[in-house]
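Structure, as structure tokens:
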Amino acid sequence: MTPGRRSLHFVRLGEIMPDVDRLLEGHSTVGNWSLAQICRHLATAMRRVVDLPASTPHDASQWVGEERKRQFFASGLGPEGLPTSPQLVPVEGLDEREEAEGLRRAIAHYEASPGPVVPHRLFGFLTREEWDRFHCIHCAHHLSFAVPAADRR
């Protein structure tokens with residue numbers, strides 16, 4: 011685990027933005043991305059799974075299988091260093107407050123949607139509950155690289 015990274019776990023999507031709001035009051039990052047880049051990545055990922063049509067091509071040969079999927083959901087931990095899809099790599103120089111609001115809107119958009127109809131690139135087709143859990147784990151993974159200033163004292 012990256013030194014200085016915090017332990018973070020979300021049970022519900024509604025827990026994500028209070029954490030981001032706390033980070034906006036002051037934070038440092040210990041990974042490769044800024045808080046703005048993290049928020050952009052999470053918002054883009056959350057929107058894509060509900061905005062892409064069911065006919066979007068997918069490569070089932072990349073799926074990891076049921077056992078690895080179960081392990082991921084049971085552990086609640088995302089692995090460090092997993093390559094990100096090029097479409098989800100955020101640019102530099104983003105405004106953190108704008109990107110935080112973009113994440114807030116993406117979460118609301120996701121929650122208001124009838125649900126993802128595309129498969130996950132590694133886990134294949136997921137239920138709505140699994141998608142919710144995935145997003146909680148995914149957000150906790152990336153936001154764990156941003157440490158509130160109050161925690162660094």
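Its first residue numbered 11, the sequence shown is counted upward by one per residue in the working numbering. Cβ atoms here follow ideal geometry from the backbone N, Cα and C, with glycine treated the same way. Here the structure is a predicted model, which means the values were calculated and not measured.
Between Phe144 and Leu87, the alpha-carbon positions lie close to 10 Å from each other. If you ignore the 5 residues before and after Ala156, its C-beta comes within less than 7 Å of the C-beta of Leu33, His37, Thr39, Leu45 and Ile48, all in its own chain and listed in chain order.
DSSP places Ser154 outside any beta strand (DSSP E), giving it a letter other than H or E. By the criterion of a C-beta distance shorter than 6 Å, Asp61 is surrounded by no residue of its chain, once the five residues flanking it on both sides are discounted. Bounds of the alpha helix (DSSP H) holding His51 are Leu45 to Asp61.
Closest in alpha carbon position to Ala122, among Arg107, Gly134, Asn42 and Met56, is Met56. When rounded, the separation of the alpha-carbon atoms in Val128 and Thr66 is 7 Å.
Look at Gly88 here: in three-state DSSP terms it is coil, with no helix or strand label. Leu52 and Thr137 have their C-alpha atoms some 19 Å from each other.
Rounded to the nearest angstrom, the gap between the Cα atoms of Arg16 and Asp105 is 23 Å.
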